[in-house]
Amino acid sequence: MVERSGSPGGRVAVVEDGGYRLDIGATVLTMRGILAGVFEAAGTSLEAHLELVPLDPMYRATFPGEDEILVRQGIPAMTEEIRTKCGAADAAGFERFCRWLTGLYQLEMPNFIDRNFDTPLDLAWPLGPLVRLLRTGALRRLASVVDEHFGDPRLRKLFSFQAMYAGLSPFDALAVYGVITYMDTVEGVYFPMGGMHAVGEALAAAAVGAGATVQYDTEVERVLRRPGAGGREGGGEVVGVRLASGEVLAADAVVANPDLPVAYRSLVPELPAPRIARRGEYSPSCALWVAGVRGGMPDGAAHHNIHFGGQWEEAFDALLAQGRRMPDPSILVTSHSFSDPSLAPPGCSTLYALEPTPNLSGRVDWMDERERTRASLIARLHSHGYPVDDIEVERFYDPTDWERMGMEQGTPFGLSHRFFQSGPFRPANVERRAPGLFFVGSSTVPGVGVPMVLLSGRLVADRVEGIRP
Ligand SMILES: Cc1cc2nc3c(=O)[nH]c(=O)nc-3n(C[C@H](O)[C@H](O)[C@H](O)COP(=O)(O)OP(=O)(O)OC[C@H]3O[C@@H](n4cnc5c(N)ncnc54)[C@H](O)[C@@H]3O)c2cc1C
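For the sequence shown, counting from 1, position 339 maps to 339 in UniProt numbering; every step adds exactly one.
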């Protein structure tokens, strides 16, 4: 493995400054079983490499002018929370909703997610799972299925906002994307001691333990191919990579992990990327403010805190249809040091505040909006009682920063998961025009987020195995 940065983890990145260890990437870790499976595939165990603690509450949700709701770990505890805050009918609705989500997940995972597709026809073969999926109402809108289960508008938000992880509004997303809600609501949210970046470090250690070699600070410049028919340069199968240093590494298979459209442009410029990667719709992006601050978290705060804004449909409309910042954004505030105090000096805390924003195809001029967004995030944190008066270290990232880091259209969340950008319609993990070239990561199958990217590793491994003599 060759990695251009100095440490593993990619978008699950960390900044170390002033005695703080600040995670600047993924923060909500779900699907412990998928992660454990990767360690097992490397002949070891998750427990040997990581200390994962279940978070309870998984999120604290606040709503303007109203009580907060804690999203509890485990269905019985959450049912009780809903009974107390929202009444018996919604508590019963939650149990029904979890059964629906579980059925959906069990149907989708083996048949539509953890699977390589060769053509769209594979969706209908075997036919049974597709028919069962249609019967579950999976092609209805997610928001309307959620509304059927819950009367309280706060719960409707809490169990549909996850569509945003797939780059969609819950009003547009098909119910089939309820699987994302399943991942946190039913499977639970975990935190790795040492911070999220510990996941990348642990995976790299497991790979090395299984015999892989990893070269850091090593950038790949080109994928090298044998001459094609008629001696055309770079037209044949893959023979290795050329590094930025000029060194050539021979290989009979190359698995490329940079954001897929960027990988096509920079590593194999002779091949146009698949149309959907060039013309498709990318997920919204985010503005992220992280800081190390003096002081502790306010009373009642949790590890993950979602502060919902007053607007909902209008907010999605601004973000997704108009390409503008949400007028009254819902934000996620996480304090990793809340669960692992070693991430900050004594008496201090780490803060991570994320606002969904349009990606660079939107209408925001980030030269103009950058400082305003940073200031409004800090002001929001202040109004919720977070200790932002004594900031010791801070970083701020907007979509132009994500683009500089190699993410297409300035979004860390890749191609959105519209139906025709998922499964067999998503850019494939195998490039048949260049035998031996494969792709892995969030812009190929199955999709975005740490659990999906881990599965993409397994799916591409199956492809590579297929070409071995
Ligand atoms: C702010 C933020 C919040 C997020 N929140 C969550 C969350 O809460 N939960 C969740 O599950 N997901 C979340 N995500 C998404 C998740 O982090 C990504 O989906 C996932 O990490 C992407 O993995 P990847 O392998 O596709 O890409 P990356 O992690 O970006 O890996 C690509 C790797 O390739 C390397 N590379 C690129 N070009 C070259 C080259 N030419 N030569 C050598 N190496 C190269 C890069 O350095 C990098 O290490 C978040 C992401 C961000 C940024």
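Note that CB positions come from ideal geometry on N, CA and C, so glycine has one too. As the structure is a prediction and not an experimental result, all values here were calculated from the model.
- For Ala163, the distance from the CB to the nearest heavy atom of ligand 1 is not below 8 Å.
- Secondary-structure assignment with DSSP links Gly292 through a beta bridge to Thr350, Val393.
- Ala143 places its beta carbon 9 Å or farther from that of Ala166.
- In this structure, the beta-carbon distance from Asp118 to Pro327 does not fall below 9 Å.
- Counting only the Cα atoms, Gly25 lies some 15 Å from Ser5.
- Pro258 and Gly43 do not touch by the CB rule: their CB atoms are close to 28 Å apart, not below 8 Å.
- DSSP places Leu224 in the strand class (E or B) of the three-state scheme.
- In this structure, Asp114 lies away from Pro412, with their beta-carbon atoms at least 9 Å apart.
- Between Val238 and Leu158, the gap from beta carbon to beta carbon reaches 9 Å or more.
- Contact between Glu371 and Ala291 fails: their C-beta atoms lie close to 15 Å from each other, not under 8 Å.
- Judged by the Cβ position, Ile82 fails to qualify as a neighbour of ligand 1 at the 8 Å threshold, every heavy atom of the ligand being at least this far.
- With a threshold of 16 other beta carbon atoms within 10 Å, Phe150 meets it and is buried.
- Ranked by how close their Cα comes to the Cα of Leu454, the residues Val14, Val15, Ile34, Val2 have Ile34 in first place.
- With a cutoff of 9 Å on beta-carbon distance, Gly414 and Ser266 are scored as not near each other.
- Excluding residues up to 5 positions away in sequence, Gly235, Gly236 lie with their Cβ nearer than 6 Å to the Cβ of Gly228 in the same chain.
- A check of alpha carbon separations from Thr136 across Pro427, Glu108, Asp122, Phe161 identifies Glu108 as the nearest.
- Apart from the 5 residues on each side of it in sequence, Ala207 sits with its Cβ closer than 8 Å to the Cβ of Met1, Ala42, Val214 in its chain, given in chain order.
- In the DSSP assignment, the residues bridged to Phe191 are Val53.
- At least one heavy atom of ligand 1 falls within 8 Å of the beta-carbon of Gly406.
- Looking from the CA of Ser443, the closest CA among Ile75, Val262, Ala92 belongs to Val262.
- Relative to ligand 1, even the nearest heavy atom lies 8 Å or more away from the CB of Phe420.
- A distance criterion of 8 Å places the beta-carbon of Ile24 in contact range of ligand 1, judged by its closest non-hydrogen atom.
- In terms of Cβ geometry, Phe94 and Ile75 form a close pair [threshold 9 Å].
- Only residues of its own chain outside the window of five on either side were considered, and among them Pro170, Phe171, Asp172, Ala173, Leu174, Ala175 have a CB closer than 8 Å to the CB of Arg141, listed in chain order.
- With contacts defined as CB atoms closer than 9 Å, Thr102 and His384 fail to qualify as a contacting pair.
- In the DSSP assignment, Ala61 falls within the unbroken beta strand (DSSP E) covering 59-62.
- Of all C-beta pairs linking the stretch 122-133 to the stretch 177-192, fewer than three are shorter than 8 Å, placing the two stretches out of contact.
- By the 16-neighbour rule on beta-carbons within 10 angstroms, Gln106 is exposed.
- In this model, Ala202 and Pro192 are separated by some 10 Å (Cα to Cα).
- In this structure Pro358 touches Arg324 by the C-beta definition: roughly 7 Å separates them, less than 8 Å.
- Its chain contains Ile82, Phe150, Gly151, Asp152, Leu155 as the residues whose beta carbon lies nearer than 7 Å to that of Asp90, once the 5 sequence neighbours on both sides are disregarded; these appear in chain order.
- Taking 9 Å as the cut-off, the Cβ atoms of Gly296 and Ser376 do not count as close.
- A heavy atom of ligand 1 is found nearer than 8 Å to the CB of Tyr397.
- By a beta-carbon distance limit of 8 Å, Thr27 contacts Met196. Their separation comes to about 6 Å.
- Rounded to the nearest whole angstrom, the C-alpha separation of Glu148 and Ala344 is 44 Å.
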